[in-house]
Amino acid sequence: MTDDTTNQGIPEPEGASDIIETDYEIGQDNVEGSVGPFGFDIHNPVFLVSGLSIVAFVFYALALPEQSATLFGWLRPAVTSSFDWFFLLSADFFVLFCLFLIVSPWGSVRLGGQEATPDYSYIGWFAMLFAAGMGIGLMFYGVSEPMSHFSTSFGGTAMEGGARTDWAPLGAAAGDEAESVRLGMAATIFHWGLHPWAIYAIVALALALFTYNKGLPLTIRSAFYPIFGERVWGWTGHVIDTLAVFATLFGLATSLGFGATQANAGLNELFGIPVGSSTEVILITVITAVALVSVVRGLDGGVKVLSEINMGMAFLLLIFVLLVGPTVVLLTGFGASLVAYVEYLPALSNPFGREDVNFSQGWTAFYWAWWISWSPFVGMFIARVSRGRTVREFVVCVLLIPSLVCVLWMSVFGGTAIHQVIADGFTSAQDAPLELKLFKMLGELPLASITSFVGIILVVVFFVTSSDSGSLVIDTITAGGKVDAPVPQRVFWCVFEGAVAIVLLLGGGLAALQAMVISTGLPFTLVLLLMCWAIFKGLQTEAR
Amino acid sequence: MFTKIMVPVDLVHAARLRRALDVAADLGRHYGADVCYVAVTAPTPGPTAHNPQEFAAKLEAFAQGEGAAHGLSVSSHAMISHDPAVDLDDTLLKARKETGADLVVMASHVPGIGEFLVPSHGGKMARHAGVSVMVVREDEAQ
Numbered sequence: 001m002t003d004d005t006t007n008q009g010i011p012e013p014e015g016a017s018d019i020i021e022t023d024y025e026i027g028q029d030n031v032e033g034s035v036g037p038f039g040f041d042i043h044n045p046v047f048l049v050s051g052l053s054i055v056a057f058v059f060y061a062l063a064l065p066e067q068s069a070t071l072f073g074w075l076r077p078a079v080t081s082s083f084d085w086f087f088l089l090s091a092d093f094f095v096l097f098c099l100f101l102i103v104s105p106w107g108s109v110r111l112g113g114q115e116a117t118p119d120y121s122y123i124g125w126f127a128m129l130f131a132a133g134m135g136i137g138l139m140f141y142g143v144s145e146p147m148s149h150f151s152t153s154f155g156g157t158a159m160e161g162g163a164r165t166d167w168a169p170l171g172a173a174a175g176d177e178a179e180s181v182r183l184g185m186a187a188t189i190f191h192w193g194l195h196p197w198a199i200y201a202i203v204a205l206a207l208a209l210f211t212y213n214k215g216l217p218l219t220i221r222s223a224f225y226p227i228f229g230e231r232v233w234g235w236t237g238h239v240i241d242t243l244a245v246f247a248t249l250f251g252l253a254t255s256l257g258f259g260a261t262q263a264n265a266g267l268n269e270l271f272g273i274p275v276g277s278s279t280e281v282i283l284i285t286v287i288t289a290v291a292l293v294s295v296v297r298g299l300d301g302g303v304k305v306l307s308e309i310n311m312g313m314a315f316l317l318l319i320f321v322l323l324v325g326p327t328v329v330l331l332t333g334f335g336a337s338l339v340a341y342v343e344y345l346p347a348l349s350n351p352f353g354r355e356d357v358n359f360s361q362g363w364t365a366f367y368w369a370w371w372i373s374w375s376p377f378v379g380m381f382i383a384r385v386s387r388g389r390t391v392r393e394f395v396v397c398v399l400l401i402p403s404l405v406c407v408l409w410m411s412v413f414g415g416t417a418i419h420q421v422i423a424d425g426f427t428s429a430q431d432a433p434l435e436l437k438l439f440k441m442l443g444e445l446p447l448a449s450i451t452s453f454v455g456i457i458l459v460v461v462f463f464v465t466s467s468d469s470g471s472l473v474i475d476t477i478t479a480g481g482k483v484d485a486p487v488p489q490r491v492f493w494c495v496f497e498g499a500v501a502i503v504l505l506l507g508g509g510l511a512a513l514q515a516m517v518i519s520t521g522l523p524f525t526l527v528l529l530l531m532c533w534a535i536f537k538g539l540q541t542e543a544r
Numbered sequence: 001m002f003t004k005i006m007v008p009v010d011l012v013h014a015a016r017l018r019r020a021l022d023v024a025a026d027l028g029r030h031y032g033a034d035v036c037y038v039a040v041t042a043p044t045p046g047p048t049a050h051n052p053q054e055f056a057a058k059l060e061a062f063a064q065g066e067g068a069a070h071g072l073s074v075s076s077h078a079m080i081s082h083d084p085a086v087d088l089d090d091t092l093l094k095a096r097k098e099t100g101a102d103l104v105v106m107a108s109h110v111p112g113i114g115e116f117l118v119p120s121h122g123g124k125m126a127r128h129a130g131v132s133v134m135v136v137r138e139d140e141a142q
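Structure, rendered in C-alpha cells:
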C-alpha cells in the first residue's frame with residue numbers, strides 16, 4: 001500500500017532521462033571508518049594522493065624557494081606566450097558552442113530528467129554561481145582594469161625593434177579620450193563577459209548532464225565517460241580528479257594568501273591597521289573560520305545564505321555608486337560600453353596575427369588560463385546547484401546574465417573612476433596600487449568611510465563564499481562523488497586550505513604556486529574541448 | 001494508541017538497523033498501525049540509486065519487503081535534501097510532519113557520523129518532533 005504523500009516533490013521516473021548502465025557503484029572504492037569520534041568516507045586513492053601531493057608541493061616551494069620561483073616563474077609566461085592562440089581560439093569556440101546550444105533543439109533537454117523541478121529559486125541560484133565564480137575579482141578589478149586599459153589606450157602605441165612595447169589593446173587610441181574610454185571598457189568587458197562564463201558553463205553543463213541525467217557520480221571524471229568508458233573508474237579517472245583537486249585547492253589557497261595581503265592594504269588605508277604578516281594571518285584565520293561555520297551549516301543554511309547576503313550588499317554598493325556618482329554619464333556609459341564591446345569583440349577575440357602582443361598574451365591569454373584553471377571548481381559547484389533547469393535556461397543564465405551584470409558593474413565602478421580623471425582631474429585612483437584603487441575611488445564620493453567599510457566586508461565575504469564552496473567541491477571529489485560524506489571531512493579541507501595559505505604566506509611561494517595553477521590552464525583547455533564533445537554526445541540520447 | 005509509525009532508514013546500512021526495524025514491525029502489528037519507511041537522499045547519484053526517482057522506487061521495494069516479512073501495512077516516503085550530511089535531522093522532522101506519523105521508531109544514530117561533532121539524530125528528533133519517539137540502540141546488549 002502506498003499513501004498519498006509518497007514521493008512528493010519527486011518527478012515520475014518514466015522517460016525522465018537516459019541512464020548510463022555501468023557496473024560501477026558509487027562509493028565502491030571508498031574507505032569508511034572513523035578516527036576517534038570523527039567519521040570519514042573517502043575515495044581511495046584520490047583523497048590520499050591529492051592530499052600528499054599538495055603537501056609535497058608546498059614543501060618544495062618552501063624548501064627550494066629560488067628554484068621553484070624560477071621554474072614556475074618561467075612556466076607561466078612560457079605557457080601564455082607560446083599558446084596564446086590556442087587559449088584565444090578555444091575560448092572563442094566555447095562561446096560559440098554555448099550560443100549554439102541555446103538555439104539548438106537540445107536546448108529543451110532538462111537537467112535531471114524531463115519532469116525535474118529546479119532545486120533553487122533564480123535568486124538563490126544566481127547568487128551562488130556568481131559568488132563562487134568571480135565575486136572577488138570584481139572587487140579588485142572593477143576599478144583597476146577599466147582604468148588600466150583606458151590609460152594605456154590613451155597613451156598610444158610604442159614600437160621597439162619591430163615589436164609593440166606598450167600594453168594597449170588592439171591599435172590603441174592615442175590622445176583620443178572618448179575612444180580610449182570605449183576601447184578600455186570593451187577590453188575589460190571582453191575579459192569578464194561571455195568568454196569566462198562560457199568556460200564555466202561548459203564544465204558545469206558537462207558535469208550536470210552526466211550526473212543528473214546519466215546517473216554517474218558528481219566528480220570531474222564522469223564527464224569523460226563517453227571518451228574513456230569504464231576506464232574512468234580506474235587510474236585515468238583518478239588522475240583527472242586529483243588534478244582537479246590540486247588546481248582547486250592551490251587556486252583557492254593562493255588567492256586567499258594574496259587576498260589577505262590586499263585586504264590588509266585596504267584596512268591600513270581606512271583604519272591605519274599595520275601591514276604585516278601577523279595581520280594577514282589573522283585575516284586568513286577569520287576568513288577560514290567564517291567559511292568553516294558556513295560549510296558546517298551546509299549548502300542551504302550556510303553557503304546559500306552568505307551568497308545572498310553578499311549579492312545584496314554588492315547590489316546596494318552598485319546602486320549607491322550609480323546614484324551619487326555621475327549618474328547620467330554612467331547610464332549612457334552602460335549602453336555605450338555594450339556597443340563598444342560588440343564592436344571590438346571580433347578584433348579582440350581574434351587569435352591570429354595580433355600586433356598587441358603584450359595585451360593579447362599578458363592580459364587575454366593570462367585571463368583565459370586563469371578562468372580555465374578555476375573552471376573545475378566553479379563548474380562543479382554550478383553543476384551541483386543547477387538540477388531542474390533546461391539546457392537553454394542554464395546556458396542563458398550562466399552565460400548571458402552574469403555577462404550583463406559584469407558589464408553593468410565595470411561600467412559603474414570603472415566609469416566613475418575614469419570620470420573622476422577626465423572631468424574632475426582626480427588621479428588618486430589612477431595612481432594608486434591595485435588593491436587600493438577601489439577605496440581611492442570611493443574616497444572621492446560622499447559617505448566614503450561607510451562605503452569603504454562595506455567594500456572591505458564585501459572583499460572578506462566574497463573570499464568566504466569562494467572558500468566554502470571550494471571546500472564542498474574538494475570534499476565531494478575526494479569522496480568519489482558522494483555529497484553526504486561525514487561533515488568532519490569538509491571541515492578538514494576548509495582548514496587545510498587556510499593552513500596552506502598561511503604557510504605559503506609566511507614562507508614565501510605564493511607567486512610560484514599561483515603561476516603553477518595558471519599553467520594547469522593549458523592541459524585543462526584540452527579537457528574542456530573534450531567536454532564539449534562529451535556534452536554533444538550526451539545530449540543526443542536525451543529526451544527533448 | 002498509534003496509527004502511523006515512521007521509521008527512518010538508511011538503505012546503504014539497512015542491515016545495521018535490524019533492531020530498530022524489528023521493534024517498529026512489532027509495534028506496528030501490536031497497534032495495527034501503518035509503518036511508513038522514510039529515507040533521505042541528495043539529488044545527486046549515490047550508492048543506492050542513480051536519481052531520486054530510482055531511490056524512491058528502491059525505498060518502496062524495501063518497505064514492501066518489510067511488510068511481506070512481518071505481515072504489516074506499509075508505505076514509504078522518500079525525501080530530497082541538498083546537503084544530507086548537514087540537514088538530515090531537519091529533513092527527518094519535515095518528513096514526520098508530511099507523513100503525519102504519531103510515533104517515530106529510529107536507530108540512535110546513522111553509522112559513520114561522529115557523535116562528538118553531530119549529536120545523535122534520535123536525540124534531536126525526540127526534542128523537536130512533538131510526537132512520541134522511540135530511540136533504539138543497536139549495541140544495547142554490550
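So the sequence lines, in the order shown, correspond to chains A and B.
According to full-length UniProt numbering, the first sequence is numbered sequentially starting from 1.
According to full-length UniProt numbering, the second sequence is numbered sequentially starting from 1.
We put the CB at the ideal spot given by N, CA and C, even for glycine.
(message) Pop quiz: residue 547 of chain A and A/ASN358 are said to be a contact at Cβ under 8 Å. What is the actual Cβ separation, rounded to whole angstroms?
(response) Summary: the structure shown does not reach residue 547 of chain A, with chain A confined to residues 1 through 544, and so no result is reported for it.
(message) Determine, for A/GLY27, whether the minimum Cβ-Cβ distance to residues of chain B falls below 8 Å.
(response) Along the first sequence, read from residue 1 onward, the residue named residue 27 of chain A stands at position 27. Yes - at least one Cβ of chain B is within 8 Å of the one on A/GLY27.
(message) I want to see whether chain B comes within less than 8 Å of A/THR211, judged by CB atoms only; does it?
(response) Here residue 211 of chain A refers to the residue found at position 211 of the first sequence. For A/THR211, the answer is yes, since a Cβ of chain B falls inside 8 Å of its Cβ.
(request) Assess, as a yes-or-no matter, whether the region 506-525 of chain A is touched by the region 68-76 of chain A under the definition of 3 or more beta carbon pairs within less than 8 Å. (result) Judged by Cβ distances under 8 Å, the region 68-76 of chain A makes contact with the region 506-525 of chain A, as three or more pairs qualify.
(request) Mark B/ALA20 as exposed unless 16 or more other C-beta atoms lie within 10 angstroms of its C-beta, in which case mark it buried. (result) To locate residue 20 of chain B, count along the second sequence from 1; it is residue 20. Around the beta carbon of B/ALA20, 16 or more other beta carbons lie within 10 angstroms, which makes this residue buried.
(message) So that I know if they touch, is there some Cβ in chain B lying closer than 8 Å to that of A/ASP176?
(response) Taking the first residue of the first sequence as position 1, residue 176 of chain A is located at position 176. Look at A/ASP176: its C-beta is not under 8 Å from any C-beta on chain B.
(message) Quick check on the burial criterion: 16 or more other C-beta atoms within 10 angstroms. Buried or exposed for A/PRO105?
(response) For the purposes of this step, residue 105 of chain A is taken as residue 105 along the first sequence, with counting starting at 1. Label assigned to A/PRO105: exposed.
(message) For A/GLY305 and A/ALA168, I'd like the C-alpha separation in whole angstroms.
(response) In the first sequence, residue 305 of chain A corresponds to position 305, counting from 1. In the first sequence, residue 168 of chain A corresponds to position 168, counting from 1. Correcting the residue type first, residue 305 of chain A is Val in the shown sequence and not Gly. Rounded to the nearest whole angstrom, the C-alpha separation of A/VAL305 and A/ALA168 is 41 Å.
(message) For a test of the three-state rule: what should DSSP assign to A/LEU111, helix, strand or coil?
(response) By 1-based counting over the first sequence, the position of residue 111 of chain A is 111. Under the three-state reduction of DSSP, A/LEU111 is assigned to coil, being neither helix nor strand.
(request) May I ask which residues mark the beginning and end of the alpha helix (DSSP H) holding A/THR525? (result) Here residue 525 of chain A refers to the residue found at position 525 when the first sequence is read from its first residue. Under the DSSP assignment, A/THR525 falls in the alpha helix (DSSP H) whose first and last residues are 521-540.
(request) Could you tell me whether any Cβ in chain B is nearer than 8 Å to the Cβ of A/ILE19? (result) Position 19 of the first sequence holds residue 19 of chain A. At a cut-off of 8 Å between C-beta atoms, A/ILE19 counts as an interface residue with respect to chain B.
(request) Could you give the DSSP three-state label for A/PHE76: helix, strand or coil? (result) Numbered from 1 along the first sequence, position 76 holds the residue referred to as residue 76 of chain A. The displayed chain sequence assigns Arg, not Phe, to residue 76 of chain A. Under the three-state reduction of DSSP output, A/ARG76 falls in the helix class.
(message) I want to see whether chain B comes within less than 8 Å of A/ASP3, judged by CB atoms only; does it?
(response) Locating residue 3 of chain A in the first sequence gives position 3, counting from the first residue. Below a pLDDT of 50, predicted positions are generally treated as unreliable, and A/ASP3, at 38, falls in that range; the measurement from the model is reported next regardless. Yes, contact with chain B.
(request) Could you tell me whether the Cβ atoms of B/VAL7 and B/VAL135 are closer together than 8 Å? (result) To locate residue 7 of chain B, count along the second sequence from 1; it is residue 7. To locate residue 135 of chain B, count along the second sequence from 1; it is residue 135. In this structure, B/VAL135 does not lie closer than 8 Å to B/VAL7 by Cβ.
(message) Please tell me whether B/PRO45 has its Cβ less than 8 Å away from any Cβ of chain A.
(response) Counted from its first residue, the second sequence places residue 45 of chain B at position 45. Cβ-Cβ to chain A under 8 Å: yes for B/PRO45.
(message) Please report whether the beta-carbon of B/PRO84 lies at a distance below 8 Å from any beta-carbon of chain A.
(response) By one-based count along the second sequence, residue 84 of chain B stands at place 84. For B/PRO84, at least one C-beta of chain A is nearer than 8 Å to its own C-beta.
(message) Taking its Cβ as the centre, do 16 or more other Cβ atoms sit within 10 Å of A/ILE123, making it buried, or is it exposed?
(response) Within the first sequence, numbered from 1, the residue matching residue 123 of chain A stands at position 123. Of the other Cβ atoms in all chains shown, fewer than 16 fall within 10 Å of the Cβ of A/ILE123; this residue is therefore exposed.
(request) Could you give the DSSP three-state label for B/SER75: helix, strand or coil? (result) Indexing the second sequence from 1 puts residue 75 of chain B at position 75. Of the three classes helix, strand and coil, the one that applies to B/SER75 here is strand, per DSSP.
(request) On a CA-only basis, which of A/GLN489, A/LEU504 and A/PRO523 is nearest B/VAL86? Give me that one, please. (result) Your numbering for residue 86 of chain B matches position 86 in the second sequence. For B/VAL86, the closest of A/GLN489, A/LEU504 and A/PRO523 by C-alpha to C-alpha distance is A/GLN489.
(message) Rounded to the nearest angstrom, what separates A/VAL213 and A/LEU299 at their Cα positions?
(response) Along the first sequence, read from residue 1 onward, the residue named residue 213 of chain A stands at position 213. Along the first sequence, read from residue 1 onward, the residue named residue 299 of chain A stands at position 299. First, the amino acid is wrong: residue 213 of chain A is Asn here, not Val. Here the alpha carbons of A/LEU299 and A/ASN213 stand approximately 22 Å from one another.
(request) State the Cα-Cα distance for the pair A/ALA314 and A/PHE352, rounded to the nearest angstrom. (result) As a first step, residue 314 of chain A must be located in the first sequence, where it is residue number 314. As a first step, residue 352 of chain A must be located in the first sequence, where it is residue number 352. Taking the straight line from one Cα to the other gives about 38 Å.
(request) Report yes or no: is there a C-beta of chain A within less than 8 Å of the C-beta of B/ASP87? (result) Taking the second sequence and counting its residues from 1, the one referred to as residue 87 of chain B is at position 87. Interface criterion met: the Cβ of B/ASP87 is under 8 Å from a Cβ in chain A.
(request) Could you run through the region 3-18 of chain B and flag, in chain order, every residue whose CB is less than 9 Å away from some CB of chain A? (result) For the region 3-18 of chain B, the set of positions with a beta-carbon nearer than 9 Å to some beta-carbon of chain A reads LYS4 and VAL12 in chain order.
(request) May I ask which residues mark the beginning and end of the beta strand (DSSP E) holding B/ILE5? (result) Position 5 of the second sequence, counted from the first residue, corresponds to residue 5 of chain B. Segment 4-8, the beta strand (DSSP E) holding B/ILE5.
(request) To the nearest angstrom, report how far apart A/TRP533 and A/GLY266 are at their CA atoms. (result) Counted from its first residue, the first sequence places residue 533 of chain A at position 533. Counted from its first residue, the first sequence places residue 266 of chain A at position 266. Going from the Cα of A/TRP533 to the Cα of A/GLY266 covers about 45 Å.
(message) As a quick exercise: from A/GLY171, A/VAL109 and A/ASP176, pick the residue whose alpha carbon is nearest that of A/LEU205.
(response) Here residue 205 of chain A refers to the residue found at position 205 when the first sequence is read from its first residue. Distance check between A/LEU205 and each of A/GLY171, A/VAL109 and A/ASP176 places A/VAL109 closest, using alpha-carbon atoms only.
(message) Given this structure, state the Cα-to-Cα distance separating A/ALA186 from A/VAL339, to the nearest angstrom.
(response) Taking the first residue of the first sequence as position 1, residue 186 of chain A is located at position 186. Taking the first residue of the first sequence as position 1, residue 339 of chain A is located at position 339. Their Cα atoms are separated by approximately 8 Å.
(message) Given this structure, state the Cα-to-Cα distance separating B/GLY114 from A/VAL103, to the nearest angstrom.
(response) Translated into positions along the second sequence, residue 114 of chain B becomes position 114. Translated into positions along the first sequence, residue 103 of chain A becomes position 103. Note that B/GLY114 has pLDDT 41, beneath the 50 cutoff, so the model's placement of it is unreliable and the number below is only indicative. Between B/GLY114 and A/VAL103, the C-alpha separation is close to 50 Å.
(request) In angstroms with no decimal places, state the Cα-to-Cα distance between A/PHE463 and A/LYS537. (result) By 1-based counting over the first sequence, the position of residue 463 of chain A is 463. By 1-based counting over the first sequence, the position of residue 537 of chain A is 537. One Cα belongs to A/PHE463, the other to A/LYS537, and the distance between them is close to 36 Å.
(request) Go through its chain and collect everything with a Cβ distance to A/ALA131's Cβ below 8 Å, but skip five positions before and after it. (result) Taking the first sequence and counting its residues from 1, the one referred to as residue 131 of chain A is at position 131. Result list for A/ALA131: LEU306, SER307, ASN310, MET311, PHE462, THR465, SER466 and SER469, in chain order.
(request) Examine chain A for any beta-carbon lying closer than 8 Å to the beta-carbon of B/HIS50, and answer yes or no. (result) Here the question's residue 50 of chain B lines up with position 50 in the second sequence. Answer yes: the Cβ-Cβ gap between B/HIS50 and chain A drops below 8 Å somewhere.
(message) Check for me: the beta strand (DSSP E) holding B/ALA39 runs from which residue to which?
(response) The residue you call residue 39 of chain B lines up with position 39 of the second sequence. Residues 34-41.
(message) Any C-beta of chain B within less than 8 Å: which residues of the region 285-300 of chain A qualify?
(response) Answer set for the region 285-300 of chain A: VAL296, ARG297, GLY298, LEU299 and ASP300.
(message) Using 8 Å as the threshold, is the C-beta distance between B/GLU66 and B/TYR37 below it?
(response) Translated into positions along the second sequence, residue 66 of chain B becomes position 66. Translated into positions along the second sequence, residue 37 of chain B becomes position 37. In contact: B/GLU66 and B/TYR37 (Cβ atoms closer than 8 Å).
(message) Considering only their Cβ atoms, is the gap separating A/LEU209 from A/GLY388 smaller than 8 Å?
(response) Within the first sequence, the letter at position 388 stands for residue 388 of chain A. Within the first sequence, the letter at position 209 stands for residue 209 of chain A. No, the Cβ-Cβ distance between A/GLY388 and A/LEU209 is not below 8 Å.
(request) Check each candidate in A/GLN262, A/PRO446 and A/GLN361 and name the one with the smallest Cα separation from A/GLY325. (result) On the first sequence, residue 325 of chain A is found 325 positions in, with the first residue counted as 1. Closest by alpha carbon: A/PRO446.
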